[in-house]
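The sequence shown lines up with residues 37 to 342 when you count with the numbering used here. Just so it is clear, CB atoms sit at the ideal spot from N, CA and C, and this is done for glycine as well.
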Amino acid sequence: MAISKRRLGRTGTDVTILSYGAMELRGQPRAPALSDDEAGALLNAVLDAGINLIDTSVDYGTSEELIGKHVGHRRDEYFLASKCGCPLSAPADATPPYQHDYSPANVRADVEQSLRRLGTDRLDLLQVHMSPSRDQLEADDTVATLQGLRDEGKVRFIGMSGILPHLPEHIAMGVFDVFQIPYSAVQREHEDLITAAAAAGAGTLIRGGAARGAPALDKNWRTGPLGLAQGEGQRRWQTAEIDDLLDGMSPMEFTLRFTLSHPALSTTIVGTSNIDHLHGNVSIAEKGPLPADLYEAARERLTPAS
């Protein structure tokens, strides 16, 4: 079997419905310890499995450097996405999310640093990180800067890593080729906006689609301004009483395949630092979306919880 592909909106690129999120390569203290050899084996396993999109960021510590070192020689095998607006190095006295800067000088500095670290001459996708407002983007002349980088050939497409409340105005701007949006069975707040982004011709990168390994088991599911409050994913899962629909599936399989069932999804980004987990994710993705009747039954139960 192989992972199926979908069109990434108007980029015209066909991407695997499962892509790799490289946040787990950022190193300690915010990710598992990983040796250089382990990182290399993992990244090559990603490509060997047929995954053809890798998502990273300036914010992800050593991630970009490891990608450049270990799979830079395979650059033509994957669509490479990174982000901008990030501080060039993580502040020593702060925890994420860091203060971001969308000025032309910082956006350009981010891109130049990413290109050096990744060992490449272009980013396939440059995404604005942390969902700033349209007013802020206009005040900082961010979009014009992105378009300039595109015209120079350093960036092929521009995107937005967006969330409420600003995502609707990002879509309405009509300038972004791709949107990265959070979504899963227990985080459906952006479900209709994924559809709206695709209807506007954009590709959709879905993050959080595996709900960090299964919301039913993870009491500390993603927290903070880009996620849910502590324990909220588990609460929503339990409130929906979804277990009887699993029919032998693990919560992880059900959750990932639920995400893949969204008809406007281009791909879902799932990160891991463990090769066995990677292979498990690939096996699930090869099964594809849930059966249509199961997906609709799950949506009916999950709607009140979300």
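When the Cα atoms are used, what is the spatial distance from residue i to residue j?
i	j	result
Pro123	Ala238	27 Å
Gly198	Asp279	31 Å
Val147	Cys120	7 Å
Arg144	Asp283	50 Å
Asp84	Asp72	18 Å
Ala59	Thr92	According to the sequence shown, residue 59 is Met rather than Ala. When rounded, the distance between both Cα atoms is 6 Å.
Ala141	Asn80	34 Å
Thr295	Gln163	21 Å
Smallest Cα separation from residue i: which of the options?
i	options	result
Phe153	His298, Gln172, Lys105 and Gln266	According to the sequence as given, residue 153 is Arg; it is not Phe. Arg153 has its Cα closest to that of Lys105, out of His298, Gln172, Lys105 and Gln266.
Glu188	Arg158, Ala141, Tyr138 and Ser118	Arg158
Ile305	Pro327, Gly244, Met285 and Ile39	Gly244
Ala117	Asp129, Val214, Arg46 and Met288	Val214
Ile109	Ala334, Gly76, Arg271 and Pro168	Going by the sequence as given, residue 109 is His instead of Ile. The shortest C-alpha separation from His109 is found at Gly76.
Leu54	Gly195, Pro340, Ala180 and Ile90	Ile90
Met285	Ser302, Pro327 and Ala300	Pro327
Val211	Ser319, Thr47, Gly86 and Pro287	Thr47
Pro68	Ile39, Pro325 and Thr98	Thr98
Arg66	Tyr114, Pro133, Gly267 and Ser40	Pro133
Tyr331	Ala276, Ala233, His298 and Thr52	His298
Within 10 Å of its beta-carbon, does residue i have 16 or more other beta-carbons around it, so buried, or fewer, so exposed?
i	result
Leu314	buried
Asp160	buried
Glu100	buried
Thr131	exposed
Asp95	buried
Thr7	In the structure displayed, the chain extends from 37 to 342; residue 7 sits before or after that span and is not available.
Glu289	buried
Glu43	The sequence given here has Arg at residue 43, not Glu. Exposed, by the Cβ-count rule.
Lys255	Confidence in Lys255 is poor, its pLDDT being 45 and thus under 50, which makes the residue's placement unreliable; the coordinate value appears in the next sentence. Its Cβ having fewer than 16 others within 10 Å, Lys255 is exposed.
Hey, could you find the ends of the beta strand (DSSP E) residue i is sitting in?
i	result
Thr291	No beta strand (DSSP E) contains Thr291, which is instead part of the alpha helix (DSSP H) from Pro287 to Leu296.
Leu161	Leu159 to Val164
Val222	Here Val222 belongs to no beta strand (DSSP E), and DSSP marks it neither H nor E.
Ile305	Thr303 to Val306
Asp344	Because residue 344 is not part of the residues shown, which for the chain are 37 to 342, the question remains open.
What whole-angstrom Cβ distance do residue i and residue j have, given they're in contact under 8 Å?
i	j	result
Ile242	Ile207	Wrong, their Cβ atoms sit about 15 Å apart, outside the cutoff.
Leu61	Ser309	7 Å
Ala300	Ile194	With 8 Å as the limit, Ala300 and Ile194 do not qualify as a contact, their Cβ atoms being about 20 Å apart.
Arg170	Met209	6 Å
Ala233	Leu281	Contact flag wrong, Cβ pair sits at about 28 Å.
Starting from residue i, trace the alpha helix (DSSP H) both ways and give me its first and last residue.
i	result
Val107	Ser99 to Val107
Lys323	Ile311 to Lys323
Arg153	Pro140 to Leu154
Gly76	Asp72 to Asp84
Gly269	Glu268 to Ala276
Does at least one heavy atom of the ligand GDP sit under 7 Å from the Cβ of residue i?
i	result
Ala75	The model on display carries no ligand, and the ligand GDP is accordingly not part of it.
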